[in-house]
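This report concerns only the one structure given below.
4 protein chains.
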Amino acid sequence: MTSEKAENDSGELPDIVDPGMVGVQPQTQRGQRTRAALIAAARHVFERDGYVDSRLVDIAAEAGCAIGSFYTWFDGKDEVLAAVLLEAQHEMLHPGTGRFAQSEDPVEIIRAANRAYLDAYGRNARLNALLDQVAAVDERFRRMRRTRADAFVERNARAIRDLQERGLADRGVDPYLASLALSGMVSRLAQSFHIFGLGGSVEDVVDTATRLWTNALGLTTPDVTP
Amino acid sequence: MTSEKAENDSGELPDIVDPGMVGVQPQTQRGQRTRAALIAAARHVFERDGYVDSRLVDIAAEAGCAIGSFYTWFDGKDEVLAAVLLEAQHEMLHPGTGRFAQSEDPVEIIRAANRAYLDAYGRNARLNALLDQVAAVDERFRRMRRTRADAFVERNARAIRDLQERGLADRGVDPYLASLALSGMVSRLAQSFHIFGLGGSVEDVVDTATRLWTNALGLTTPDVTP
Amino acid sequence: MTSEKAENDSGELPDIVDPGMVGVQPQTQRGQRTRAALIAAARHVFERDGYVDSRLVDIAAEAGCAIGSFYTWFDGKDEVLAAVLLEAQHEMLHPGTGRFAQSEDPVEIIRAANRAYLDAYGRNARLNALLDQVAAVDERFRRMRRTRADAFVERNARAIRDLQERGLADRGVDPYLASLALSGMVSRLAQSFHIFGLGGSVEDVVDTATRLWTNALGLTTPDVTP
Amino acid sequence: MTSEKAENDSGELPDIVDPGMVGVQPQTQRGQRTRAALIAAARHVFERDGYVDSRLVDIAAEAGCAIGSFYTWFDGKDEVLAAVLLEAQHEMLHPGTGRFAQSEDPVEIIRAANRAYLDAYGRNARLNALLDQVAAVDERFRRMRRTRADAFVERNARAIRDLQERGLADRGVDPYLASLALSGMVSRLAQSFHIFGLGGSVEDVVDTATRLWTNALGLTTPDVTP
DNA sequence: TATGAATGAGGCTTCATTCAT
DNA sequence: CATGAATGAAGCCTCATTCAT
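Protein chains in written order, with full-length UniProt numbering: chain A, 1 to 226; chain B, 1 to 226; chain C, 1 to 226; chain D, 1 to 226.
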């Protein structure tokens, strides 16, 4: 487990953004409003123009306040971005598999997790693309993305190890490496689907991902009869 | 060859960079030298500072020529980058699976392809990271990366379809989607290994990738005996 | 007393800071406290950061009050500075030579005055440096410093004239010019000693200053025997 | 001797400004001209507006070039100032006592030195004031001023020691401290005269300075007859 | 009185691009 | 072809000051 905060018993994933990184906290309602407006405006502008090409002037204008007010709450572009990501991280980290988790069938659990991941990715598609962009440019956000990815990889690695121990999954693969590979596979599919505009239905993608995942682990028997 | 997906008979992958994008061709030896020095310098500076944070001034300095000379050969930063990528694209597109391709065993062919991909990725790791970075910022390079990725996906999709038709691979998955997923999986592993510094040996990664890939397609029988 | 050179009968030196320049006088105890805290904080911040580089925000923070409260009491940075100097001016103007003044020996009187000056300068060294800094930037404080310097020059000029009239000091020099020169000399020594960190003991400096001063006026006989 | 470069045999004072501090050296005549124009313009603007209140825009405008060109040659305001001072330092360090130096009479030598100092100070009065201002704000220039002052103090200290050894000057004072005091005295007079607008003629000031200086060292016999 | 958020003019700085030699 | 100086639009950021609560 490389993430900073240990995962709790309920299977929650740890937070990613260091809250100390996100600027000053307002002490009045008015400040609250302005700061929130700035974060919303920043998300909008970032998603529209990209991080690199965005301008603080536009963010302030979109938030309906002066540029100086921006600096009342944030130290710069990177700090609002951190705040934007902090706001979005709950949604992005907890895809909400809960509703399907009651099933006993590992395959169904995996299918549910994949569908949840794809959905959550879609709801924050532009923000995910943004994080990719900014991670390519700024070390701090690269770490942030890495931490987020690790959270999923670790969780899935545990699940795989569990299946292996129960004699359900192929013991010929290292659970961590396998998780890294398969989690990456799903993440890539999500990217292709939601960002690059891969055609087809979500269900097809979920099905394929699940089939490959379970085949790979030996949970299902591939149909290879000629 | 500028078409995105065409492939010639010899099994070659298509070129990615539009040659019309890479600047002026020198008429003299002196020009030849300057232009080549600029490309080498650009690659060096890009890999060191990243595309966004690099400065033409540094590239010219590294190449040992004046900034004016840069504009003799290229129209701007993006054009040198295109030239840099053009120079590297052969290496990046043709990992050189040839030596193992003679084997009849599909598993060995896949293993060889995975190893070749990982090696090639490693030899151009920083350039790959660079392409990721720049793709996040510039549409044209996004397309370029996409084209490159597509080349692999298409090739692998054909291979999968072939295996399915020969009754060797699981018919339950769409060959294109499966290729997209599995190619992405290997690409992610390469990224983790060469860029993010995942521990372990290349062989472990190759083994895991191959095992998962072949399991997923039903080419191998996973070991799940309790 | 705002006149520049007037001196009252008791031999006191005139006040330097125009009381009309130092802001609003509080009507309540609470106001009293806040205002005093601001002055103390301002002195602290000014001495730490210098006048030019200091920020009102820091002064307010140091005083433990909001920036708005600052403007309740002062109109700006210059006004607090004036208040700071007003608080310190008594100490700076009246070095307290009294204890030695009873001596009849002119040399001893001069020595006592020099020692008193040096001591007083030291007790307010940082504030003196601050006044120098601010005088270089703001005409009003330049005048203030000038007035303060003049007070000493005038007093010493009278003393020199007195010694000349009593046949004890060299009549070949203009008393005012001589006072300007010798007062400046001692002031510079104080600066060197307390601000620039000249080595040596205070006594050495006092001795040298006194010897040179009295030699220069012919009060003592220099030792020049080979 | 605390200055960086040792004084040469001919009695020259060492340079003060570190030439490595003054920006880029032009490689063409055109660059030469622009850079020189910027230095001249900077001196003009600094002397008119003071260092703190001066704006780079004004300097560039005065030099007749774009603001970007300023940054071609200097890294910022401080660097031009260093260049300005470097240009002026020869004049300020070598007042040119030569014409009177042939006299054997120590008193006449001192008088000549004082007159030369006062003249040189006057020719660069505004620059001296500027240096004072900036020294109050920036450590680097404080050191520069200090070095310059030290050069004079050291030179005069040597002269005093020499006179003492020849049995001409009061042995009761430490030569370095005495030089510090007397050099400071003359410097203060120059300041009063040229910057603060002290009335009277230069000759009067020179006479007083010389009389006090020589009295102080015992080179002359003060007139104290009642 | 005290608070703390809002304001915005104005300075600084960067660097891709142009151009005269 | 090469050179290197000139250009200036465009962002960033600061902080004294104002103002509503």
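Every residue, glycine too, gets a C-beta built ideally from N, C-alpha and C. Keep in mind the model is a prediction, meaning the values are calculated, not measured.
Self-check item: Amino acids of chain B, ordered along the chain, whose beta-carbon sits closer than 8 Å to that of serine 192 of chain A
Solution: Leu180 and Gly184
Looking only at C-alpha atoms, which of A/Arg142, A/Ile110, A/Pro26 and A/Gln89 sits nearest to tyrosine 121 of chain A? A/Gln89
Check: Apart from the five residues just before and just after alanine 190 of chain C, which ones in its own chain have a Cβ nearer than 6 Å to its Cβ?
Finding: Leu118 and Tyr121
Nearest by alpha-carbon distance to alanine 40 of chain D: which of D/Phe70, D/Phe141, D/Ala63 and D/Gln27 is it? D/Ala63
> For leucine 168 of chain C, which residues from the same chain have a beta carbon less than 7 Å from its beta carbon, with the 5 sequence-adjacent residues on both sides left out?
Replying inline: Pro106 and Leu219
Would you report the Cα separation of isoleucine 160 of chain B and phenylalanine 141 of chain B, rounded to the nearest angstrom? 28 Å
Quick check: is the beta carbon of alanine 169 of chain A nearer than 8 Å to any beta carbon in chain B? Answer yes: the Cβ-Cβ gap between alanine 169 of chain A and chain B drops below 8 Å somewhere.
(message) Let me see if you follow: with CB-CB separation under 8 Å, is tyrosine 196 of chain C close to chain D or not?
(response) It is phenylalanine, not tyrosine, that sits at residue 196 of chain C in the sequence shown. Judged by the 8 Å Cβ criterion, phenylalanine 196 of chain C is in contact with chain D.
Can you give me the C-alpha to C-alpha distance between threonine 34 of chain D and isoleucine 59 of chain B, rounded to a whole angstrom? 26 Å
### Task
Just tell me which of D/Arg188, D/Asn124 and D/Arg30 has its CA closest to the CA of arginine 43 of chain D.
D/Asn124
Interface residues of chain B facing arginine 188 of chain A [CB-CB closer than 9 Å]:
Leu180, Ala181, Ser183, Gly184, Met185, Ser187 and Arg188
* To do: Could you name the residues of chain C that threonine 147 of chain D contacts, counting a contact when the two beta carbons are closer than 9 Å?
  => Near threonine 147 of chain D there are no residues of chain C at all, since even the closest Cβ is about 12 Å away, more than 9 Å.
**Item:** Best match in B/Asp162, B/Gln27 and B/Asn156 for proximity to leucine 180 of chain B [C-alpha to C-alpha]
**Value:** B/Asn156
Under three-state DSSP, which class holds isoleucine 67 of chain D? Helix at isoleucine 67 of chain D.
Next item on the list: Reducing DSSP to helix, strand and coil, say where threonine 214 of chain A ends up.
Entry: The answer is helix: DSSP assigns threonine 214 of chain A an H, G or I state.
Query raised in the report: Can you tell me the Cα-Cα spacing of leucine 131 of chain B and alanine 37 of chain B, whole angstroms?
Result: Using only the alpha carbons, I get a separation of about 21 Å.
Review point. Using the rule of at least 16 other Cβ atoms within 10 Å of the residue's Cβ for burial, across every protein chain shown, is glycine 199 of chain B buried or exposed?
Key: Glycine 199 of chain B should be labelled exposed.
* If you compare alpha carbons, which of A/Asp223, A/Val80, A/Leu93 and A/Ala149 is closest to valine 22 of chain A? -> A/Val80
- Query: Quick one: is valine 224 of chain C near chain D, going by C-beta distance under 8 Å?
  - Reply: yes
Pairwise C-alpha distance: serine 192 of chain B and isoleucine 109 of chain A: C-alpha separation (whole angstroms): 26 Å.
request  = Thinking valine 137 of chain C and valine 52 of chain C are a contact (beta carbons under 8 Å), I'd like their distance in whole angstroms, please.
outcome  = 6 Å
**OP:** Less than 8 Å between the CB atoms is what I'm expecting for valine 206 of chain D and asparagine 128 of chain D, so what's the real figure, rounded?
**Re:** Valine 206 of chain D to asparagine 128 of chain D, Cβ: 18 Å. No contact.
- prompt: At least one CB of chain D closer than 8 Å to the CB of threonine 208 of chain C: is that the case?
  reply: yes
- Message: Can you confirm whether valine 202 of chain A, when its beta carbon is compared against all beta carbons of chain B, has any partner nearer than 8 Å?
- Response: no
* **Environment of leucine 212 of chain C [buried if 16+ CB atoms lie within 10 Å]** => buried
Practice item. Verify the CB distance criterion: does leucine 212 of chain A have a CB-CB separation below 8 Å to chain B? Key: yes
**Report entry** Selection of the segment 125-147 of chain D by Cβ proximity to chain C, strictly under 7 Å
**Finding:** Within the segment 125-147 of chain D, the residues whose Cβ lies closer than 7 Å to some Cβ of chain C are Asp132, Gln133, Ala136, Val137 and Arg146, listed in chain order.
Using the Cβ count rule (16 or more neighbours within 10 Å means buried), how would you classify valine 24 of chain C? exposed
(message) Using 8 Å for Cβ pairs, my map puts glycine 172 of chain C next to aspartate 170 of chain D. What's the rounded Cβ distance?
(response) The pair is not a contact, with the Cβ atoms about 18 Å apart (cut-off 8 Å).
Buried versus exposed, by CB contacts within 10 Å (16 or more), glutamate 165 of chain D: exposed
So that I know if they touch, is there some Cβ in chain D lying closer than 8 Å to that of leucine 177 of chain C? It does; some Cβ of chain D falls within 8 Å.
Interface positions of the segment 150-165 of chain C facing chain D (Cβ-Cβ less than 7 Å), listed along the chain: none
Practice task
Leaving aside the five residues before and after valine 153 of chain B along the sequence, list all residues of the same chain whose C-beta is less than 6 Å from its C-beta, in chain order.
Solution key: Ser179, Leu180 and Ser183
- Task: For valine 45 of chain C, count neighbouring C-beta atoms within 10 Å of its own C-beta (all shown protein chains included) and say buried if the count is 16 or more, exposed if not.
- Result: buried
message: Am I right that arginine 148 of chain D and leucine 93 of chain D are in contact with their C-beta atoms under 8 Å? What's the rounded C-beta distance?
response: 7 Å
| request: Let me know if alanine 209 of chain C comes out buried or exposed under the rule of 16 or more other beta-carbons within 10 Å of its beta-carbon. | output: buried
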